[in-house]
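Residue numbers (the numbering used here): 16 to 403. Some notes on the structure that comes next.
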Amino acid sequence: MKRKTPPISSFFKPVGSTCNSTAEDANPPKETEITAVDAQTPDKNIESSVVVSEQARVGSTAYERDPGKRPQIWDLPIDKQVEARQFYVSEGPYQPYMREYPYNTDEPKHRRRFQFSWFKQFPWLEYSPFSKRAYCLPCFLFSKKPVGKSGSDTFTVVGFDRWKKVNSGKDCAFLTHMGKDASSAHNYSTRCFENFKDGTTHIDKVIEKSSAKTIADARLRLKVTIDSIRWLTFQACAFRGHDESSGSINQGNFLELVKLLASYNKEVNGVVLDNAPGNAKYIAHSVQQEILDLLSRKVQKIIREEIGNSKFCIMVDEARDESKKEQMALVLRFVNNEGIIMERFLDVVHVSDTAALTLKQSIYAILADNNLSVQDIRGQGYDGASNM
Ligand SMILES: [Zn+2]
16 MKRKTPPISS
26 FFKPVGSTCN
36 STAEDANPPK
46 ETEITAVDAQ
56 TPDKNIESSV
66 VVSEQARVGS
76 TAYERDPGKR
86 PQIWDLPIDK
96 QVEARQFYVS
106 EGPYQPYMRE
116 YPYNTDEPKH
126 RRRFQFSWFK
136 QFPWLEYSPF
146 SKRAYCLPCF
156 LFSKKPVGKS
166 GSDTFTVVGF
176 DRWKKVNSGK
186 DCAFLTHMGK
196 DASSAHNYST
206 RCFENFKDGT
216 THIDKVIEKS
226 SAKTIADARL
236 RLKVTIDSIR
246 WLTFQACAFR
256 GHDESSGSIN
266 QGNFLELVKL
276 LASYNKEVNG
286 VVLDNAPGNA
296 KYIAHSVQQE
306 ILDLLSRKVQ
316 KIIREEIGNS
326 KFCIMVDEAR
336 DESKKEQMAL
346 VLRFVNNEGI
356 IMERFLDVVH
366 VSDTAALTLK
376 QSIYAILADN
386 NLSVQDIRGQ
396 GYDGASNM
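The following block contains the structure:
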């Protein structure tokens with residue numbers, strides 16, 4: 016009789032339930048509380064009562080399935096560990112059916128034995144006919160090797176056989192093993208088990224969760240940011256305000272423009288500023304700067320195409336900006352392929368000082384950056400040219 020591997024969701028049994036739940040097993044062994052009468056039944060033919068087909072399957076595989084016999088995952092060579100996990104995950108928990116599970120020998124007066132119905136209540140549970148103890152498959156596969164006294168190895172290495180502690184309501188040893196919250200070692204192992212079972216499709220599933228709506232929202236949000244930046248740039252407006260905090264009555268041109276756009280469109284309003292996820296508002300100064308850089312590269316590319324193979328003049332001027340940084344602007348003057356004289360503002364860069372050498376290096380850098388050759392310069396103009 017081949018038992019069907021339980022669905023993964025069943026590993027997350029609600030914590031509130033107890034071992035004495037009403038779940039009835041439809042399979043032959045009908046379990047009830049073990050009584051004194053049961054205790055009189057002698058152990059017999061334990062090994063032979065294990066379902067034969069289960070053994071046959073075990074024999075054909077490379078890994079020992081009996082949890083009492085198999086080596087620990089961490090004892091396997093590193094290169095075998097993944098393969099072993101794949102094997103055990105695909106096989107599912109080892110849950111052999113025996114007509115009569117053996118009694119434990121600890122307490123002769125209150126002898127108890129493993130119940131087949133526990134498999135149904137605790138799908139992670141495994142039983143070893145060899146050691147006559149119970150184990151946990153996810154913990155066996157994914158728990159860390161216990162170091163010293165930290166961490167329990169009852170359900171992984173030693174095996175559990177204190178059956179008396181199972182039918183004790185909320186103190187049920189199996190529930191205790193599962194733990195009360197998601198951070199318990201067992202639940203962690205179960206999550207690993209689930210992820211591992213999903214295998215390569217797992218990442219796809221995660222990505223799929225970023226639904227089309229999330230993507231569309233993000234694109235609209237980014238579009239608002241780009242359009243705001245483009246508008247401000249064309250109108251030569253400053254982006255930032257003196258006080259951009261949320262309490263400010265004027266958060267600067269950029270934020271105020273985004274707010275204006277949002278106020279005229281429900282759809283936009285739904286995805287920008289406070290309605291955007293905290294880590295993807297697309298309004299940070301660095302984001303503005305990045306988009307501005309991309310726009311400027313596009314403009315420079317078009318200017319470069321306009322110049323083609325023409326010779327050109329450069330016009331250079333320096334100024335100090337509001338933050339007392341020296342800036343150098345470079346304008347190109349050239350004749351385009353229609354024979355018309357053009358003047359194009361190509362770039363503005365920070366310079367550490369206005370010494371001739373510094374300016375020369377900066378000019379060279381800008382020209383090189385735009386794939387223009389110094390040899391093609393046919394004139395130079397500087398404001399305050401004494402320096403040059
Ligand atoms: Zn476990």
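No residue lacks a Cβ here, since even glycine has one placed at the ideal position from N, Cα and C.
| Asked | Found |
| --- | --- |
| Nearest-angstrom beta carbon gap, Asn-265 and Cys-252 [assumed within contact, 8 Å] | Rounded, the Cβ-Cβ distance is 13 Å, inconsistent with contact. |
| Check whether Arg-348 and Cys-328 have beta carbons under 7 Å apart | yes |
| Member of Arg-335, Ala-149, Asp-391, Gly-396 whose CA lies at the smallest distance from the CA of Tyr-109 | Ala-149 |
| Cβ neighbour criterion (16 or more within 10 Å) applied to Thr-205 | buried |
| Inter-residue Cα distance where the pair is Ser-6 and Arg-236 | Nothing can be reported for residue 6, as the shown portion of the chain is limited to 16 through 403. |
| Alpha-carbon to alpha-carbon, Lys-326 and Leu-307 | 28 Å |
| heavy atom of ligand 1 below 6 Å from Val-154 C-beta | Correcting the residue identity first, residue 154 is Cys in this sequence and not Val. Within the cutoff, so yes. |
| Whole runs of the alpha helix (DSSP H) within the segment 132–163, excluding any shorter than 4 residues | 133–136, 152–157 |
| Supposed contact pair Tyr-103 and Tyr-78 - C-beta distance, whole angstroms, cut 8 Å | 7 Å |
| Assumed close pair Val-239, Val-287 - CB separation to whole angstroms, cut-off 8 Å | 6 Å |
| Euclidean distance between Cα positions of Trp-89 and Ala-188 | 25 Å |
| For His-365, the first and last residue of its enclosing beta strand (DSSP E) | 356–366 |
| Contact check, Arg-128 vs Tyr-118, beta carbons under 7 Å | yes |
| Neighbourhood of His-192 by C-beta distance below 7 Å, restricted to the same chain and skipping five residues each side | Cys-151, Phe-170, His-201 |
| Phe-170 CB to nearest heavy atom of ligand 1 below 6 Å | yes |
| Bridge-paired residues (DSSP) for Leu-345 | Val-331, Asp-362 |
| Cβ shell of Gly-396 (< 6 Å), same chain only, five flanking positions each side left out | Met-330 |
| Near ligand 1: Cys-151 beta-carbon under 6 Å from a heavy atom | yes |
| Cβ neighbours of Leu-247 in the same chain (closer than 7 Å, five flanking residues each side left out) | Phe-254, Asn-268, Phe-269, Leu-272 |
| Contact test: His-125 Cβ vs ligand 1 heavy atom, cutoff 6 Å | no |
| For Tyr-203, the three-state DSSP class (helix, strand or coil) | helix |
| Cross-strand partners of Gly-262 (DSSP beta bridge) | Its beta-bridge partners do not exist; DSSP assigns none. |
| Separation of Gln-250 from Val-354, as counted between CA atoms | For clarity, residue 354 is Gly in the given sequence; the question names Val instead. Rounded to the nearest angstrom, the two C-alpha atoms are 29 Å apart. |
| Phe-175 - DSSP class collapsed to helix/strand/coil | strand |
| Span of the beta strand (DSSP E), counted from its first residue to its last, around Arg-393 | 392–397 |
| Segment limits, alpha helix (DSSP H) that includes Leu-387 | Premise fails: Leu-387 is in no alpha helix (DSSP H) and is neither H nor E. |
| Buried or exposed (CB count within 10 angstroms, at least 16 for buried), Glu-333 | buried |
| His-201 CB to nearest heavy atom of ligand 1 below 6 Å | yes |
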